[in-house]
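Q:
Numbering (the working numbering), first residue to last: -9 to 46.
1. If you follow the beta strand (DSSP E) that residue 41 is part of, which residue opens it and which one closes it?
2. Does DSSP classify residue 2 as helix, strand or coil?
3. Between which two residues does the beta strand (DSSP E) carrying residue 10 extend?
4. Can you tell me which of the three DSSP states residue 22 falls into?
5. Buried or exposed for residue 14, going by 16 or more other Cβ atoms inside 10 Å?
Okay, here's the thing in structure tokens:
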């Protein structure tokens, strides 16, 4: 099963309205690989409360 990192910047911290879709990362065949990509992207935007990424 392939894994992807998706999402981006939202209008506010309710995370209901996506205003800027980040480039999708993937596919990754191994969960540990996608987890590393998610961590890297999340750490790069740690100071932005309206940015969220998830693994699908």
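Glycine residues also receive a C-beta, built at the ideal position from the N, C-alpha and C atoms.
A: Quick answer:
1. First-last of the beta strand (DSSP E) with residue 41: 41 to 45.
2. In this structure, residue 2 counts as coil in the three-state DSSP scheme.
3. Where residue 10 is concerned, the enclosing beta strand (DSSP E) stretches over 8 to 11.
4. When secondary structure is reduced to three states using DSSP, residue 22 falls in the helix class.
5. By the neighbour-count rule (16 or more Cβ atoms within 10 Å), residue 14 is not buried but exposed.
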